[in-house]
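Trainee: One structure, as C-alpha cells, below. Some questions next.
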Amino acid sequence: MKLVIAVVQDSNAPSLLENLVEHGFRATKLASTGGFLKRGNTTIFAGVENEKVPEIIKVIKEKCCITQQVLTPAISPGGPIEAYLPPLIDIPVSGANVFVIDVEQYIKV
Numbered sequence: 155m156k157l158v159i160a161v162v163q164d165s166n167a168p169s170l171l172e173n174l175v176e177h178g179f180r181a182t183k184l185a186s187t188g189g190f191l192k193r194g195n196t197t198i199f200a201g202v203e204n205e206k207v208p209e210i211i212k213v214i215k216e217k218c219c220i221t222q223q224v225l226t227p228a229i230s231p232g233g234p235i236e237a238y239l240p241p242l243i244d245i246p247v248s249g250a251n252v253f254v255i256d257v258e259q260y261i262k263v
C-alpha cells in the first residue's frame with residue numbers, strides 16, 4: 155500500500171477531489187500554505203494499493219497543470235519610486251507536487 159500526498163493549487167482542488175471520487179479513490183484534504191508564493195493550496199492524502207499508483211497520478215495530472223503567474227518584485231528602499239520600477243516576473247507555478255510513500259500498516263476503524 156502507498157500513501158499519495160498531492161499538494162495542489164486551491165483552484166484545482168474541487169475538481170480534483172470530484173475526479174478522484176469518480177475513479178473510486180477516497181481522499182482527505184487539508185488546507186495548507188505554500189512557502190514560496192505564500193499562497194493557499196490544498197494537500198490531499200489518499201491511501202492506494204501499489205498497482206493503483208499510476209492511475210491516481212494520471213487523475214492528478216489531468217486536473218492539475220502548470221500555470222504562469224506574474225509577480226511584482228519588491229522595490230528596494232533608498233530612492234524615489236520613479237527612479238526604479240522593477241520589471242514584472244513571469245514564473246511557472248506547479249500544478250501539483252506529488253509524494254508517494256510506502257505504508258507499513260493501514261487501519262480503518
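Just so you know, the sequence shown maps onto residues 155 to 263 in my numbering.
By construction, the Cβ of each residue, glycine as well, lies at the ideal position given by its N, Cα and C atoms.
#1: Could you round the C-beta distance between Ala-283 and Thr-196 to whole angstroms and report it? I think they count as a contact, below 8 Å.
#2: Less than 8 Å separating the beta-carbons of Leu-219 and Leu-170?
#3: So, under 8 Å CB-CB, Ala-160 and Ala-250 are touching, yes? Tell me the CB distance rounded to an integer number of Å.
#4: Since Lys-156 is in the beta strand (DSSP E), which residue starts that stretch and which ends it?
#5: Can you name the start and end residues of the alpha helix (DSSP H) that Ile-210 belongs to?
#6: Measure from the alpha carbon of Ile-267 to the alpha carbon of each residue in Lys-262, Val-252 and Val-257, then state which is nearest.
#7: DSSP on Leu-184, reduced to helix/strand/coil?
#8: I need the boundaries of the beta strand (DSSP E) containing Asn-251, first residue and last residue.
#9: Rounded to a whole number of angstroms, what is the C-alpha to C-alpha distance between Leu-157 and Ser-165?
#10: Buried or exposed: Leu-184, going by 16 or more other Cβ atoms within 10 Å of its Cβ?
#11: Is Val-263 helix, strand or coil when you go by DSSP?
Mentor: Judging by the given coordinates:
#1: This structure does not reach residue 283, given that the chain is present from 155 up to 263, and the question cannot be answered.
#2: Checking the displayed sequence, the identity of residue 219 turns out to be Cys instead of Leu. Contact flag unset, no.
#3: 5 Å
#4: 156-163
#5: 207-217
#6: Lying outside 155 to 263, the shown extent of the chain, residue 267 is not represented and no answer is given.
#7: strand
#8: Following the DSSP letters along the chain, one finds Asn-251 inside the beta strand (DSSP E) bounded by residues 250-256.
#9: Rounded to whole angstroms, Leu-157 to Ser-165 spans 23 Å at the Cα level.
#10: exposed
#11: In the structure shown, Val-263 sits in coil (DSSP, three-state: anything other than H, G, I, E or B).
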